[in-house]
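Chains as they are written, first to last, in this note's numbering: chain A, 73 to 467; chain B, 73 to 467.
The following block contains the structure:
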């Protein structure tokens with residue numbers, strides 16, 4: 073048997089994906105996934121747009137494209153997504169991506185040598201940990217409070233570890249739903265300049281805001297080109313299309329482009345053209361209005377349900393957007409046992425929070441992530457009532 | 073400035089892509105690219121299929137999919153592409169790809185440690201060299217004759233270098249148009265078993281056959297699971313969709329799937345569904361018949377033009393399919409000077425062959441790659457006449 077590369081020995085597939093497969097039973101009310109609601113997809117609009125772009129530009133769309141991205145999308149992404157958020161950038165700053173998860177891979181490929189330190193929020197997105205570890209980086213966790221990572225602890229860890237990268241999901245973070253405070257955003261950009269590391273700002277949820285004030289991305293405070301901003305069409309249009317984009321300094325974009333050349337040559341022109349046309353037709357604001365109204369009701373059903381059916385000792389976040397609520401139990405509950413009883417007896421599912429930590433065996437053992445985007449308010453209420461009953465029986 | 077990873081220091085972007093940009097002048101008759109003819113794209117069919125798949129299965133197509141691939145495509149790829157070529161495989165052997173170039177990246181990621189040796193045909197596909205080098209592998213060239221790599225030399229180099237991987241494009245190779253002989257295909261599979269290395273069999277051109285007998289893939293001779301077969305929809309349907317697939321042992325597929333999870337999560341469901349439906353409707357055979365008839369005329373125009381306008385001392389391949397003819401001049405011609413005069417004076421372009429070698433400064437300095445798929449027979453004749461005149465003036 074031919075030996076695999078050393079880098080693969082530290083990497084396992086996503087445990088969460090495996091857990092989700094066990095929840096495929098349609099009877100189960102699942103708070104486990106992280107998918108947008110299927111009702112949130114503008115299927116007919118995408119159908120109409122696919123027809124139009126192929127009709128008008130089919131020969132170019134079906135031919136090889138440039139690695140940097142479908143040129144109309146690079147400009148509409150700036151005009152409709154980046155510039156309105158206050159991000160100053162030109163087309164030379166943009167690279168189109170096969171989903172923003174490709175941005176995690178390419179940034180890792182371009183910056184990370186084995187042993188390099190990546191600072192991460194604790195807990196954080198498992199796919200990011202997997203990407204960094206595939207390039208044999210060492211992921212060092214940063215504690216979070218209600219406003220995200222603490223800047224003093226961050227600076228201490230920077231001095232201690234001399235990191236290559238800081239990975240942060242600033243808005244409605246996965247898995248916690250927390251949003252990084254405004255002052256902290258500015259401070260992070262300043263620390264990146266001062267200590268010269270890369271901030272990988274992954275912001276796929278920012279447009280799913282149901283209440284509270286819009287926050288500018290960390291990238292808007294970046295004076296030295298140390299921040300790479302990742303955006304995605306997965307949560308605002310469709311994840312199945314696999315389209316994202318990033319903004320970075322031209323020199324970094326060139327290096328990432330070289331890395332992308334040998335990764336997938338370029339992102340599908342058809343899916344880029346669909347995302348582009350969706351923006352240019354001005355359909356996004358109305359679409360977000362509808363989707364966010366739907367998700368608001370689901371979030372509210374979840375917060376109501378938790379307060380009604382869960383013990384008062386369950387400490388949870390109060391997200392202003394996104395897809396997730398995060399909670400902690402006091403003491404050391406047996407979460408795997410709870411998950412087993414929940415899925416088998418109560419037919420309701422969630423993800424034990426430990427899987428979002430850098431050490432899944434010792435950290436976050438009393439936490440859980442609850443997704444509210446995939447179920448109707450009615451089913452959320454029923455599911456939380458069932459789960460609350462189980463919990464009150466003792467875990 | 074934050075330092076890039078060590079792996080990026082040995083990698084530059086494709087020189088060929090840079091040369092191609094210089095040829096963008098529409099007046100130029102270009103033998104430089106490697107694109108399918110724009111006339112070869114079934115635009116209306118793709119439009120119709122996109123409509124149908126979104127209409128019938130839109131909610132699933134726009135949602136997250138599985139990393140392994142869109143399930144209907146995994147089975148139709150086997151039924152319509154792999155099994156007819158004699159490849160024995162089940163769905164557990166299949167991984168869908170964002171273009172077959174992703175197969176080069178994922179295989180490298182999963183198998184290559186820095187310093188590992190990859191044996192490659194000399195000359196070979198530049199994108200593959202770039203992928204292997206990004207993972208800091210050492211690419212060792214294998215001489216080719218008219219039937220591809222020599223098996224005795226291969227075995228010598230295997231003993232000398234203990235390679236992790238052999239990369240081979242067996243059919244209508246890029247850049248030479250050569251096809252690996254039947255006995256050699258079997259011998260390669262046997263050597264891979266004997267010396268336990270991976271054969272990465274990249275076969276995107278095999279269905280573009282204009283004459284001669286169909287050859288079974290190396291994978292059909294693989295008894296030990298050492299061969300990974302890469303296929304692509306780029307040359308038979310559309311490169312802009314970015315859909316490919318590979319066949320390998322289940323354990324290898326699992327490792328590649330883990331690597332793909334953190335590369336792009338999954339390939340676009342929409343483009344996979346389009347490729348799937350194109351196969352299931354049985355449209356491929358008739359489409360290939362038409363496309364291959366068109367390409368046959370272009371290849372014939374090129375072979376005729378070379379024999380009419382080029383000096384007899386120009387030794388070239390006689391491909392039975394694919395997109396390229398490859399030629400060598402005697403002595404040490406100044407190919408960069410010829411390219412400059414060709415594009416500026418004669419308005420005709422080609423790619424100097426040196427760029428397809430492991431050492432571009434010393435190897436293949438007297439060679440050129442001529443692409444015949446992108447121009448009509450008339451323009452091929454005109455272009456070769458112009459180029460022949462320049463050559464006869466001395467290079």
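Even for Gly, the Cβ is constructed at its ideal location relative to N, Cα and C.
When the options are compared against residue i, the one with the closest alpha-carbon
i              : options                           : result
residue 300(B) : 308(B), 314(B), 274(B) and 447(B) : 274(B)
residue 332(B) : 336(A), 329(A) and 330(A)         : 336(A)
residue 119(A) : 309(A), 247(A) and 250(A)         : 309(A)
residue 205(B) : 181(A), 226(A) and 219(A)         : 181(A)
residue 394(B) : 456(B), 279(B) and 200(B)         : 279(B)
residue 268(A) : 255(A), 295(A) and 254(A)         : 295(A)
residue 103(A) : 199(A), 113(A), 112(A) and 91(A)  : 91(A)
residue 345(A) : 196(A), 77(A), 81(A) and 169(A)   : 169(A)
residue 199(B) : 212(B), 174(B), 443(B) and 117(B) : 174(B)
residue 320(B) : 313(B), 464(B) and 165(B)         : 165(B)
residue 302(A) : 287(A), 318(A), 313(A) and 314(A) : 318(A)
residue 78(A)  : 186(A), 107(A), 171(A) and 163(A) : 186(A)
residue 315(B) : 342(B), 297(B) and 328(B)         : 342(B)
residue 347(A) : 74(A), 250(A), 124(A) and 107(A)  : 124(A)
residue 364(B) : 111(B), 255(B), 291(B) and 387(B) : 111(B)
residue 458(B) : 422(B), 249(B) and 441(B)         : 422(B)
residue 142(B) : 340(B), 324(B), 412(B) and 221(B) : 340(B)
Where the beta strand (DSSP E) through residue i begins and ends
i              : result
residue 304(A) : 299 to 304
residue 407(A) : It is not in any beta strand (DSSP E) - residue 407(A) instead sits in the alpha helix (DSSP H) that spans 407 to 413.
residue 396(B) : 396 to 400
residue 443(B) : 439 to 443
residue 317(B) : 316 to 319
residue 239(B) : 237 to 240
Distance between beta carbons of residue j and residue i, contact taken as under 8 Å
i              : j              : result
residue 209(B) : residue 184(B) : 5 Å
residue 229(A) : residue 270(A) : Not a contact, Cβ separation roughly 15 Å.
residue 191(A) : residue 238(A) : 5 Å
residue 157(A) : residue 289(A) : 6 Å
residue 276(B) : residue 172(B) : 6 Å
residue 338(B) : residue 138(B) : 6 Å
Chain A contact for residue i (CB, 7 Å cutoff)
i              : result
residue 80(B)  : yes
residue 123(B) : yes
residue 203(B) : yes
residue 77(B)  : yes
residue 85(B)  : yes
residue 190(B) : no
residue 425(B) : no
residue 299(B) : no
residue 74(B)  : yes
Extent of the continuous alpha helix (DSSP H) run through residue i
i              : result
residue 203(B) : 198 to 206
residue 224(A) : 223 to 233
residue 274(B) : Here residue 274(B) belongs to no alpha helix (DSSP H); instead the beta strand (DSSP E) covers 270 to 274.
residue 214(A) : No alpha helix (DSSP H) holds residue 214(A); the beta strand (DSSP E) holding it covers 210 to 214.
residue 277(B) : Run containing residue 277(B): none; DSSP gives neither H nor E here.
residue 166(A) : No alpha helix (DSSP H) holds residue 166(A); the beta strand (DSSP E) holding it covers 166 to 169.
residue 375(A) : 356 to 381
The ligand GTP heavy atom lying under 6 Å from the CB of residue i
i              : result
residue 128(B) : Looking at this structure, you won't find the ligand GTP or any other ligand, since it has none at all.
Min CB distance residue i to chain B below 7 Å
i              : result
residue 420(A) : no
residue 327(A) : yes
residue 342(A) : yes
residue 294(A) : no
residue 253(A) : no
residue 330(A) : yes
residue 199(A) : yes
residue 126(A) : yes
residue 336(A) : yes
residue 131(A) : yes
Interface residues of the stretch 262 to 279 of chain B facing chain A [CB-CB below 8 Å]: 268, 269 and 270
The stretch 100 to 121 of chain A: positions lying closer than 7 Å to chain B by Cβ: 107, 110, 113, 115, 118 and 119
Residues, ordered as in the chain, of the stretch 301 to 315 of chain B that lie near chain A by beta-carbon distance below 7 Å: Of all residues in the stretch 301 to 315 of chain B, those with a C-beta nearer than 7 Å to a C-beta of chain A are 310, 311, 312, 313 and 314, reading in chain order.
Proximal residues, the stretch 133 to 152 of chain B versus chain A, C-beta separation under 7 Å: 133, 134, 135, 136 and 137
Residues of the stretch 172 to 187 of chain B whose Cβ lies closer than 8 Å to any Cβ of chain A, in chain order: 173, 174, 176, 177, 181, 182, 183, 184 and 185
Members of the stretch 342 to 359 of chain B near chain A, C-beta cut-off 7 Å: Result list: 342 and 343.
Chain A contacts made by the stretch 435 to 467 of chain B, where a contact means CB separation under 9 Å: none
Members of the stretch 222 to 256 of chain A that neighbour chain B once the beta carbon cut-off is set at 8 Å: 236
Under 9 Å (Cβ pairs) to chain B, residues found in the stretch 150 to 170 of chain A: 169 and 170
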